[in-house]
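Residue numbers (the working numbering): 21 to 318.
Below you'll find the structure, written out as structure tokens, and then a few comments.
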């Protein structure tokens, strides 16, 4: 693993017109938005939402848990990907990070500091902000278990505020921020434990190898499509229905893991949505289970 230095604050905010979002969503769906903002500071965020144009602005993190449903968006996107990603340790040993930091960056930073707790997130493609919003996790470990506090921006009051973990209602793949969708996660403080780098690195490698053996990493996808219903597993239900490999347009149910939808190369957002609808109907009719979509449709 490479050694990482603490990221320094840098750069001015980038703004683009008619911006191509293809590389900013993990399904690699082609789409254009009217304006794209890449904030670098809290002042940038405040400035963006203080614009008096009454325009709906869409927040986009790493783009790893979303489905772009349109080819053109007449709205602005505020993107946290490769920007607003400062990471540091405070005087009390808490890991402090801005919401644009990727889980890969965070886990490698923690490894460099001999801090354990983020290993399971090493190979989860998400920004910290996105992980907090969906309470991301795997193997029984969720991001909420590491959080001490979260700072967020409220565009309705043009102000920043903070809540402790205890003040936020986290549950399985759900959070305070999914209920209060207007709020924007900006920073978080995480409590990790000290360990040795060899143990941490070995766990990260084992997790990555296990995921690559089970998940269709070779095709564009956005991870698990559906939340796991109580007492059931989504993949086996879909497989029992004979839907592995079922395809609509360029979107296909993975033959490697039926809980994933992959882009075979020319999928559009509607292909994925239609495939989700088909799976939901089949599962409901055959298992009386109403699957809940984990991914965010924009």
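Just so it is clear, CB atoms sit at the ideal spot from N, CA and C, and this is done for glycine as well.
This structure is a prediction, so every number in the text was calculated from the model and none was measured.
Under the DSSP assignment, residue 47 falls outside any beta strand (DSSP E); it carries neither an H nor an E label.
Secondary structure of residue 288 (DSSP, three-state): coil.
Annotation for residue 231: 143 place their beta carbon closer than 6 angstroms to its own, counting only its chain and skipping 5 residues before and after. When DSSP states are grouped into helix, strand and coil, residue 205 belongs to the strand group. About 32 angstroms separates the CB atoms of residue 222 and residue 194; that is not less than 8 angstroms, and the two are not in contact.
Remark: C-beta atoms of residue 136 and residue 213 approach each other more closely than 7 angstroms. Per the C-alpha coordinates, the member of 279, 53 and 216 positioned closest to residue 242 is 279.
Residue 285 is not a Cβ neighbour of residue 269, given a cutoff of 7 angstroms. Rounded to whole angstroms, the Cβ separation of residue 203 and residue 172 is 5 angstroms, and the two are in contact under 8 angstroms. For residue 272, the enclosing beta strand (DSSP E) starts and ends at 271-273. It is roughly 35 angstroms from the alpha-carbon of residue 182 to the alpha-carbon of residue 293. Closest option to residue 79, judged by alpha-carbon separation, among 124, 259 and 174: 174. One thing to note: residue 46 has its Cβ no nearer than 7 angstroms to the Cβ of residue 81. Boundaries of the beta strand (DSSP E) harbouring residue 36: 34-40, taken from the DSSP string. If you compare the alpha carbons of 52, 108 and 76 with that of residue 90, the shortest gap goes to 52.
Counting only runs of 3 or more residues that sit fully inside the stretch 229-315, the beta strand (DSSP E) segments are 241-244, 271-273 and 280-283, in chain order. Sequence-distant partners of residue 95 (beyond 5 residues in either direction) whose C-beta falls short of 7 angstroms from its own C-beta, in its chain, are 53, 54, 75, 76, 77 and 78.
When DSSP states are grouped into helix, strand and coil, residue 187 belongs to the helix group. In the DSSP assignment, residue 97 falls within the unbroken beta strand (DSSP E) covering 92-99. Residue 240 and residue 282 have their C-alpha atoms roughly 6 angstroms apart.
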